[in-house]
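Residue numbers (our numbering): 1 to 140. Glycine is no exception: its CB is placed at the ideal position from the N, C-alpha and C atoms. This report refers to the structure that appears directly beneath it.
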């Protein structure tokens, strides 16, 4: 059930970035600099950090797509991170067991799933607002 809610939110974030043309997809919609493409890019880093133990040296930088990154490449990277994370999730037989995170404290799988649902849901809401500002598109 937890993975189902997470997958639903992941798909919602990708859908909000779908068919948004350049440069609007990477244009910040708020003074903090947040863009649709930046949200997808950031969430890929969160997935890899939480479930795969990959370190991120510059969290604010994860919101800033590089000029060479395209919508397709960022979305593909996010989907790949989610697939790898799902393999870790699916291999877990006890939600109280820690997620393998070499070199740092490891939360339980339950904590990691709830955290990612919260994080992805929060940013899905941001994506809703940014998409509406771009072209008026609302809804799921």
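Taking a cut-off of 8 Å on C-beta distances, the stretch 25 to 44 touches the stretch 116 to 132, as three or more cross pairs fall below it. In terms of Cβ geometry, residue 63 and residue 85 do not form a close pair [threshold 9 Å]. Per DSSP, reduced to three states, the secondary structure at residue 73 is helical. Rounded to the nearest angstrom, the gap between the Cα atoms of residue 49 and residue 137 is 31 Å. The stretch 76 to 91 makes contact with the stretch 3 to 19: 3 or more CB pairs, one atom from each, lie closer than 8 Å. Annotation for residue 115: 50 place their beta carbon closer than 7 Å to its own, counting only its chain and skipping 5 residues before and after. When DSSP assignments are scanned along the stretch 28 to 72, the uninterrupted stretches of alpha helix (DSSP H) that are 4 or more residues long and fall wholly within it turn out to be 36 to 52. One thing to note: residue 117 has its Cβ no nearer than 9 Å to the Cβ of residue 43. Here residue 26 is buried. Its C-beta has 16 or more other C-beta atoms within 10 Å.
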